[in-house]
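Residue numbers (this note's numbering), protein chains in the order written: chain U, 1 to 583; chain Z, 1001 to 1164.
The C-beta atom is built at its ideal place from N, Cα and C for all residues, glycine as well.
Treat the numbers as computed from the prediction; the structure is a model and nothing was measured.
To start, the structure under review is shown below, and the notes come after it.
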């Protein structure tokens, strides 16, 4: 069938099952948007390209499908960059399509020209510069295949305007043929057997789960492994939802702002069963003192993650679900006629820590505590909302006090730590899961970084709720300045005589509902009002300005060295004591 | 120098012959902080596939990371870490050497010993082509340095595994 490149692109997107895309048109994308006009694909016009990328990302995280975003050449493409990098760090399937100047102008510094494939090379799984309209069907098919298979990630297609206008005979290939891309899904049998033996003989095992479990839909298998072998489970920030946090075997998140229990467990364990994790620095603390007594089983689909930060004694490359299924079968077989190892002492120890060290904060003060707000949100939504977060203190309090039960229920920028992610991600998540309650737990600093998307939220009819924990500071920066820089609040204060802006008024300016809360007594009413509203709502919770996130493993410190328990007043911590680079 | 030689690994990398593949490989090395000693790219017996011969200065865990990260590039098809005992490798050097009527024959003699070729002659200089291992080329360079090297260019190393 003869058609233009732009029509072939749209036809290919439809063939991939794309139902929605996020973007902003521009000069070189006009042929594409013209072709899209008649397509059933829903077009969400955002107010900034970064918003488009984060919305596609939030949509992908909430649904498990590939998110699609689109931007014009030059500034449109560079505005996508943060969003693409964000998806790359968290392994989110994304296809970004950018317009490009005509092929004969490439390299001439033409108007709105940027080397988009060059700029994005380090932050994509793969990218394409299409030079011939006949390549479009195959490129789109490959891009979606690459984005969603193996370790997922963003793929970018750069489309020069003459290629969009050019003609071709549309033909979709039967299958994708990429000689250099063969992800391993099935784990090595012998390695799985070794892992099973190690699990059966471990006295102090811990199951350590991350975002890979959610990507691979392996939550059932994780639960089966934990329950059948009675092994406690800790998770990374990205792994929130991989195992129900209210389950008796859950010991919560570990790492910099994780539970004391999880961090102590890591210091004592003799066997880490790591599934879909990458042993990031925020999780390990001081690497040389991380889990000194442990053997490590590391299950991951990306071989490059295994042994990158922490040595794996039993590496298993494969898809988490496939490997765990096999592991469970082997365990069931091996257990027959085997006396189980006595782990009563270990289990009792963990229970004692759990009882002694829940997340806590000083509830005595008269002011409004951010933790209290999150607790109330949890209570009034019965723990069932999809929670998106911004980055910083708001993100950590959300992670600590909003317990989630299901995968894809907690959406946060883990690896890149992108302020301004949560709100557009919430809009994307809401569009992907229309019937659900979606809440962005935000900071006053982060929310302003993409607040222009209030227009998108209102016009697209997405009733997302934004709970701003407004402390008038870049809160986590201020916390570090307080702890490590002698309380020198250099450029972290966002208010002067008054807080700025008036977030409730800002919301109203866009046609959303705005509520200001200054007193703990008003919290419940405000949240209920927001939940009952059918439009987007921004609640400005004006919280205690100098509240800190605790416990905290200081950067470069080992996991057992946590500061900020209620029992131990916080003194200044000296980063120069850290032996590893101070991050 | 000696220590450096032992750290070096020659990776023979088969890649799809597509635009931008070299940039992807170079960018990966730069981004991950891996050092490239030399890199040679050329076509193979198949027009759709190129071979890169990359000499890297890493060992152990880092070498493992180099290989794994390279493998993640979609256009990379195969990576072989060539064992020096089990492979043949060559480099080529072109040297423009200053000569006088007195030294010309001495230079030609050295070139002969190294089985090199004189590919250009002028009154004041000769251009010599020598192929061989890195060590052989270094030895040649050392010997002719006294006559005066005006210009010099070396290709990266290319290598193939020996037949079984």
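Any beta-carbon of chain U closer than 8 Å to the one on residue i?
i	result
residue 1075/Z	yes
residue 1027/Z	yes
residue 1060/Z	no
residue 1020/Z	yes
residue 1165/Z	Absent from the model: residue 1165/Z. The displayed extent of chain Z is 1001 to 1164, so no value can be given.
residue 1129/Z	no
residue 1024/Z	yes
residue 1045/Z	no
residue 1164/Z	no
Using three-state DSSP, classify residue i as helix, strand or coil.
i	result
residue 548/U	coil
residue 448/U	helix
residue 1001/Z	Annotation note: pLDDT 37 at residue 1001/Z (below 50); position unreliable, coordinate value reported separately. Three-state DSSP puts residue 1001/Z in coil, outside helix and strand.
residue 394/U	helix
residue 567/U	Legend: pLDDT at residue 567/U = 47, less than 50; position of this residue unreliable, value from coordinates given subsequently. Reduced to three states, the DSSP call for residue 567/U is coil.
residue 71/U	strand
residue 1098/Z	strand
residue 1009/Z	strand
residue 493/U	strand
residue 388/U	strand
residue 204/U	coil
residue 157/U	strand
residue 1032/Z	helix
residue 138/U	helix
residue 1144/Z	helix
residue 579/U	Only weak support exists for where residue 579/U lies, its pLDDT of 47 falling under 50; the value from the coordinates is given anyway. Coil.
residue 573/U	Its pLDDT being 42, under 50, residue 573/U is placed unreliably by the model, and the measurement read from it follows with that caveat. In this structure, residue 573/U counts as coil in the three-state DSSP scheme.
residue 424/U	helix
residue 1038/Z	strand
residue 1117/Z	strand
residue 1053/Z	strand
For residue i and chain Z, any beta-carbon pair shorter than 8 Å?
i	result
residue 126/U	yes
residue 108/U	no
residue 307/U	yes
residue 89/U	no
residue 180/U	yes
residue 98/U	no
residue 568/U	Confidence at residue 568/U is low in this model, with a pLDDT of 42, below 50, so the placement of that residue should be treated as unreliable; the coordinate-derived value is given next. It does not; no Cβ of chain Z falls within 8 Å.
residue 137/U	no
residue 70/U	no
residue 183/U	no
residue 122/U	yes
residue 196/U	no
Under 8 Å between the Cβ atoms of residue i and residue j?
i	j	result
residue 1132/Z	residue 1090/Z	yes
residue 1008/Z	residue 1057/Z	yes
residue 154/U	residue 94/U	yes
residue 52/U	residue 71/U	yes
residue 514/U	residue 56/U	no
residue 383/U	residue 404/U	yes
residue 32/U	residue 164/U	yes
residue 434/U	residue 535/U	no
residue 261/U	residue 273/U	no
residue 1081/Z	residue 1028/Z	no
residue 257/U	residue 552/U	yes
residue 407/U	residue 54/U	no
residue 9/U	residue 136/U	yes
Going by DSSP, what residues sit across from residue i in a beta bridge?
i	result
residue 1093/Z	1130/Z, 1154/Z
residue 562/U	553/U
residue 465/U	439/U, 537/U
residue 43/U	21/U
residue 591/U	Because chain U in this structure spans residues 1 to 583, residue 591/U falls outside the shown range and cannot be described.
residue 100/U	160/U
residue 124/U	Residue 124/U pairs with nothing; no bridge assigned.
residue 378/U	In the DSSP output, where bridge partners are listed per residue, residue 378/U has none listed.
Would you say the beta carbon of residue i is closer than 7 Å to some non-hydrogen atom of the ligand GDP?
i	result
residue 188/U	This structure lacks the ligand GDP, and indeed carries no ligand of any kind.
Worksheet item: Are three or more beta carbon pairs between the stretch 220-235 of chain U and the stretch 510-523 of chain U nearer than 8 Å?
Response: no
Discussion item. Is it the case that the stretch 1085-1102 of chain Z contacts the stretch 1138-1152 of chain Z, given that we only count it when at least three CB pairs across the two stretches are under 8 Å?
Written reply: yes
Discussion item. Below 8 Å, how does it come out for the stretch 260-271 of chain U and the stretch 166-176 of chain U: are there three or more Cβ pairs, yes or no?
Written reply: no
Practice prompt. Could you say if the stretch 438-445 of chain U and the stretch 19-29 of chain U meet the contact criterion of at least three C-beta pairs nearer than 8 Å?
Written response: no
Item to complete: Could you run through the stretch 144-164 of chain U and flag, in chain order, every residue whose CB is less than 7 Å away from some CB of chain A?
Response: This model lacks chain A altogether; the protein chains it does include are U and Z.
Worksheet item: Using 8 Å as the Cβ pair cut-off and three pairs as the minimum, do the stretch 148-162 of chain U and the stretch 94-111 of chain U touch?
Response: yes
Discussion item. So, does the stretch 361-378 of chain U touch the stretch 544-557 of chain U, judging by three or more C-beta pairs under 8 Å?
Written reply: yes
Discussion item. Three or more C-beta pairs under 8 Å: does that hold for the stretch 385-400 of chain U against the stretch 409-423 of chain U?
Written reply: yes
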